[in-house]
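S.K.: I have a structure I would like to understand better, so I am pasting it below and will then ask my questions one at a time.
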Amino acid sequence: MKLVQKEVRKQRSEDNLKEFLINDTSISVTDVIGSVLYVNNNISDLIEIPNPRIVHS
Numbered sequence: 033m034k035l036v037q038k039e040v041r042k043q044r045s046e047d048n049l050k051e052f053l054i055n056d057t058s059i060s061v062t063d064v065i066g067s068v069l070y071v072n073n074n075i076s077d078l079i080e081i082p083n084p085r086i087v088h089s
């Protein structure tokens, strides 16, 4: 029973983290010279520029 409870708590923590990352976090990824490789929708919405225009092709 304790193992099941531990697994349920772990799943809830992972779900909470995923929700936070999706809804409340701005994420960008750049290469070593600073070219933008990825931005999530939060950054795109914040600076009001569509993702395809931000990410370096």
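Each number in this note's numbering comes from the position in the sequence shown (counting from 1) with 32 added on. In this text, a Cβ means the ideal position worked out from N, Cα and C, and glycines have one as well.
Can you tell me the Cα-Cα spacing of residue 4 and residue 41, whole angstroms?
M.R.: What the structure shows of the chain is the stretch from 33 to 89, and residue 4 is not part of that stretch, so it cannot be assessed.
S.K.: Assign residue 67 to one of three DSSP states: helix, strand, or coil.
M.R.: In this structure, residue 67 counts as coil in the three-state DSSP scheme.
S.K.: Write down the C-beta distance between residue 64 and residue 86 rounded to the nearest angstrom, noting that I regard them as a contact closer than 8 Å.
M.R.: So it is not a contact: roughly 18 Å between Cβ atoms.
S.K.: Would DSSP call residue 76 helix, strand or coil?
M.R.: If DSSP states are grouped into helix, strand and coil, residue 76 belongs with the helices.
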